[in-house]
Structure formats: C-alpha cells, structure tokens
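Right, one structure below, let's go through it.
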Amino acid sequence: MPERYYLILGIGIVTFLLLPPAESMAQLRYGVSSSVYAAEEDQLPFWLYANTDGMVEPSGSNFINRFYTYFSEQDSSDGLDFAGGFDAFARLSDYDTLVFTELFADLRYGGLTIRGGRFYDPMGLHDRDLSMGSMLVSRNAIPVPKIRVGTSNFVSVPRSGDHLQFKAMISHGWFTDERYIENPYLHQKFFYLRYKHRRFDLTAGAAHNTVWGGIHPGVGNQAPYELPSSFSDYLDVVLGQSASGNNVPWNEISNSVGNSVAAYEAKVGVNFNHFRLQAYRLFYLEDKVALSFRSPWDGMWGAGVTFDDSEGWVTKVLWEHLNTKRQNAWINTPWGRTNYYNNGVYRSGWSHEGRVLGNPLIINGPVSDFDGGTYPISNNIIIAHHVGIQGRPGDRLFYKALLTYSRNYGTNVDQGERPYTPLDELRVDEYSSLLRLKYRASRGYGVSLIGSLALDLGALYEGRRLGFQVGVAWEGKTQ
1 MPERYYLILG
11 IGIVTFLLLP
21 PAESMAQLRY
31 GVSSSVYAAE
41 EDQLPFWLYA
51 NTDGMVEPSG
61 SNFINRFYTY
71 FSEQDSSDGL
81 DFAGGFDAFA
91 RLSDYDTLVF
101 TELFADLRYG
111 GLTIRGGRFY
121 DPMGLHDRDL
131 SMGSMLVSRN
141 AIPVPKIRVG
151 TSNFVSVPRS
161 GDHLQFKAMI
171 SHGWFTDERY
181 IENPYLHQKF
191 FYLRYKHRRF
201 DLTAGAAHNT
211 VWGGIHPGVG
221 NQAPYELPSS
231 FSDYLDVVLG
241 QSASGNNVPW
251 NEISNSVGNS
261 VAAYEAKVGV
271 NFNHFRLQAY
281 RLFYLEDKVA
291 LSFRSPWDGM
301 WGAGVTFDDS
311 EGWVTKVLWE
321 HLNTKRQNAW
331 INTPWGRTNY
341 YNNGVYRSGW
351 SHEGRVLGNP
361 LIINGPVSDF
371 DGGTYPISNN
381 IIIAHHVGIQ
391 GRPGDRLFYK
401 ALLTYSRNYG
411 TNVDQGERPY
421 TPLDELRVDE
431 YSSLLRLKYR
441 ASRGYGVSLI
451 GSLALDLGAL
461 YEGRRLGFQV
471 GVAWEGKTQ
C-alpha cells in the first residue's frame, strides 16, 4: 500500500483518539481548507510560498487540501493537562505530497510543558503575525520532530511581585530529510528574562541551535564514519564546547561541536491608553568569535505598534530590518566570511526538507547569478527592509499586507579571489509584496473565503513574478 494511504489512515486514527469524552473539561478545534495557488509564469511570487511551513511549492501551480484537529483538556482535577493534535496537507503540484506539518502530544503541569512530535515552534522575540521571519527558526520549513521541555510561557520568579519573569526551553530533535550528513540531531535551548513595571517591560536573553552527530559519507576513498554523538559529546553541544577524539573534523575542534545558529536578543515594550509600542533587536551568532560582537550590525531590528481596537482598519503595523553583510569579516577580506546558514561539515546547511529553517530571504538553491559554489545557500549577504500591516475593517473581513525590499549580494564565493569583486558590483535589488484577505462568509457555520495577491519586481528572480491564491476554509470547535 502506498505511503500516503498509511498517512491518511493515521489521520483518521489520531482524530478518533483525540476526541474527548463528553464529561471531560476539554476543547476540540478542527478545520479543513482547500486552496489553489497559480502564477503568471512558472514560479510563484516569494510571499506566496515563504513562511508557509513548507506547504506551498514555489515552482508551478499548487492545489492544497489542509486538515487539522487540536485537543486540549483544561482544569484537570489532578493538575495535569493534556493536549495534542495534527495539521496535515495534501498537495498536487510539480512535487505531489501528503505531509504532517504537526503531529504532537503535550503533558502540562503548572508552568511546565513536555511536548513530543512534530510541531510549529518559531524561536525568538520577533512579532509572530507580520515578521519576515526569525533568523533562528521561522515557519518557512516543515518542522523537525523533537522532544521539548520548557515553561509554558513566562513564569514569575518567586518573591518578585510578578515584576521578574523567565521563560526557558531545551529540546532534542531528529532530522528526517535526505542530507549530506545522514541522520543528524538537532539541539535547541533558550532562556529569556523579563522585567515588568506598570506600563513598561524589558526582555533579554539568548537562544542556541546546533545540528550535530550523524554519519559522514567520507571523502574520496574514506569510508563513512560517525561524527561525535556520545553523551559526553551531547554535553559539549549543550555547553558550546569544542570536540575531541578521533574522526572529528578540524573546525569542530577549533570552534565547537556541530553547526550552531544562535543569537542574543532584547525587546522593550511600552503600553499606552489605546496602543502598545514595541521594539526588538537580534544579534546573530554562528561561531565563537561572534560572541564578542565582532559583527555588531549583523542581525535583525524590529519596531511596531499594536492597537487595542481589534476591529479597526489598522490593528497592527510592523517594520523590520535585516543586515547580514559583515559576517565576522576582517578588513581587506571578503564580506560574508562566516557564510551564514552554510557549514563545511554539515553541508546541507540550516535547512530541513529543502527549505531554510530561519529567515526565508536567505535563499537555499541557485538564484539570479548566485549559486553558492559548493554550498546550498546561494544568497546570505543581504540588506533588507520589511513593512507589515494588518487590520479588520469589519467584523467579517480581515487583511494582511507585506512589502519587502532587499539588496542581495550572494555569498562570499561570488567575490572571487584577490582582487575581490566589490559588493556594489554584485548587488541585485528585489521588491516582494503580498495582500491577503479573509472573509467570514458565515458566522454560524465557520466558513471563510480566502484570497491572496503577490508580486515580485527586480532582478533577483530575473523579472516580474505575479501570482494569486484563492480558497475556502471551514473551522469549528467544541465549547
């Protein structure tokens, strides 16, 4: 029996198991949708496929059916809460597939949550609604399956009068796609501390991701061998230490075990009578020298306002800025020295199932005149500005609009050998835009109509790309 039929059967079984008993204090959310994506030419515009959890295929038209069910048990008498669910899609396109983007179970006690499976888990302090996507983990790729232990949200520090709060997480995951290094692991952790005082709050912390372990295919006549993957190696990963022992690549001895993607972050928020202002900053890190702020301008900035009126013409506005030019480069050396999201050992880079795990403006695969050389990421030297706006002009109509301008310079490979090609000679500009509408056609039956229009202009994708999405969705829940 083909694999997709097993998947369909699995969906039915999961749905049945998640149905709560009639007498339990539980809630069930469920829904289905069907959408068509099409383009003027043979490629969809950027914002129709970016940050869609790997659901939309960039090349050609897509016909996508999505179905999901989420269950949560609340107010359990023993203090334990259970939750779980799945989100799956079936896609007809140049690459037909049926995939669970989420399939997980939760166990919660107090402020602690243990979650296992595949689930959406973007990382960082960025805005979740309008952002171009975190440089750490966005919603651009199909999630990596993992086990996650952490606080459910920010938890108050005892005796702080709720002024001081923290949020923390650690997880262990398994990459499931075909990669240069077979079957590597994913380590993730973060810790954030928040201070709240009346209308003001300040949050700061750090986050760390590492791809590690797995089977190296060997070079030349060398036989495949296992990369550091013992428990002591795991402790080195957690602590960011260098590797030791046999069959250890040189850069894991000189730097740290695995391929790290990390950041320092800070965020400030101020509440006014009718709106909230917030601003955040991510300092991006990929190696030890970056810990001392060698490239202080690399990373993301964000600033936005959220209005208290959730049904106004404008309910939220966001501006973001992305800068990845320096990458720890010395004077008179090529820009982009660190080669963000690429790695000399883990050559599949910071990606999963062919999509970048972090910010989607950093491109996986050849584009324009950039090919990345022997690496998969072809464009990681970028300056970008991004604006997002959303609103609800009426109780049935919701919209979201995005506009992104980027200056793209490829990777350090494109600058060649001495004399290096100046970045200005490599520069390629691009504009990407999106307008998305959702109209609730029926209040009582949960039926909505969905439409999107997207446009790319510039030389990065070699001309204009125009496309659209139309669809219908139905959703419901038990009380």
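For the sequence shown, the UniProt record's numbering begins at 1 and goes up steadily by one. Glycine included, C-beta positions come from ideal geometry on N, C-alpha and C. This one's a predicted model, so the numbers in the text were calculated from it and none came from an experiment.
Indicate the three-state DSSP secondary structure (helix, strand or coil) for residue i in the structure shown.
{"i": "ALA38", "result": "strand"}
{"i": "TYR340", "result": "coil"}
{"i": "GLN222", "result": "coil"}
{"i": "SER256", "result": "coil"}
{"i": "ALA22", "result": "Bear in mind that a pLDDT of 45 at ALA22, under 50, signals an unreliable position, so the number given afterwards is only what the model happens to contain. Coil at ALA22, not helix or strand."}
{"i": "SER232", "result": "helix"}
{"i": "ALA141", "result": "coil"}
{"i": "ASP403", "result": "Sequence inspection shows Leu at residue 403; the Asp mentioned does not correspond to that position. Strand."}
{"i": "LEU112", "result": "strand"}
{"i": "SER378", "result": "strand"}
{"i": "LEU239", "result": "helix"}
{"i": "LEU285", "result": "strand"}
{"i": "LEU460", "result": "coil"}
{"i": "LEU291", "result": "helix"}
{"i": "ASN273", "result": "coil"}
{"i": "LEU125", "result": "coil"}
{"i": "ASP395", "result": "coil"}
Since residue i contacts residue j with CB under 8 Å, what's their CB separation in whole angstroms?
{"i": "GLY85", "j": "THR101", "result": "So it is not a contact: roughly 11 Å between Cβ atoms."}
{"i": "LYS288", "j": "TYR280", "result": "24 Å between Cβ atoms; not a contact."}
{"i": "ASP129", "j": "GLN390", "result": "6 Å"}
{"i": "residue 487", "j": "ALA329", "result": "The question about residue 487 has no answer, for the chain in this structure spans 1 to 479."}
{"i": "ALA473", "j": "SER33", "result": "4 Å"}
{"i": "TYR120", "j": "ASP53", "result": "7 Å"}
Under a Cβ-count criterion, where at least 16 other Cβ atoms within 10 Å of its own Cβ denotes burial, should residue i be classed as buried or exposed?
{"i": "TYR192", "result": "buried"}
{"i": "PRO334", "result": "buried"}
{"i": "VAL36", "result": "exposed"}
{"i": "PRO143", "result": "buried"}
{"i": "LEU94", "result": "Checking the displayed sequence, the identity of residue 94 turns out to be Asp instead of Leu. Answer is exposed; the Cβ neighbour count stays below 16."}
{"i": "ARG148", "result": "buried"}
{"i": "ILE114", "result": "exposed"}
{"i": "LYS477", "result": "exposed"}
{"i": "TYR225", "result": "exposed"}
{"i": "ASP456", "result": "buried"}
{"i": "ARG108", "result": "buried"}
{"i": "TYR341", "result": "buried"}
{"i": "TRP313", "result": "exposed"}
{"i": "ASP42", "result": "exposed"}
{"i": "PHE272", "result": "exposed"}
{"i": "SER131", "result": "buried"}
{"i": "SER59", "result": "exposed"}
{"i": "ALA290", "result": "buried"}
{"i": "TYR346", "result": "buried"}
With hydrogens ignored, establish whether the beta-carbon of residue i is closer than 7 Å to any heavy atom of the ligand SAH.
{"i": "PHE275", "result": "The ligand SAH is not among the ligands present in this structure, which contains no ligands whatsoever."}
Checklist entry - Is the region 151–168 touching the region 228–236 in the sense that three or more CB pairs, one from each, lie closer than 8 Å? => result no
Checklist entry - Are the region 409–423 and the region 366–376 touching by the rule of at least three beta carbon pairs closer than 8 Å? => result yes
Next on the checklist: My parser needs the beta strand (DSSP E) runs of 3 or more residues fully inside the region 297–373; what are they?
Outcome noted: 299–307 and 316–323
Checklist entry - If you scan the region 29–106 from start to end, which runs of the alpha helix (DSSP H) of 4 or more residues do you find wholly inside it? => result 46–49
Item to check | 4 or more residues per run - each alpha helix (DSSP H) lying fully within the region 408–458 | outcome: 423–426
Next on the checklist: Counting beta carbon pairs with one atom in the region 110–126 and one in the region 304–313, are three or more of them shorter than 8 Å?
Outcome noted: no
Next on the checklist: Quick test of the definition: if touching needs 3 or more C-beta pairs under 8 Å, does the region 195–206 touch the region 348–366?
Outcome noted: no
Next on the checklist: Three Cβ pairs or more, each shorter than 8 Å: is that satisfied between the region 130–142 and the region 167–175?
Outcome noted: no
Item to check | Sequence ranges, beta strand (DSSP E) only - wholly within the region 139–182, length at least 3 | outcome: 146–151 and 164–174
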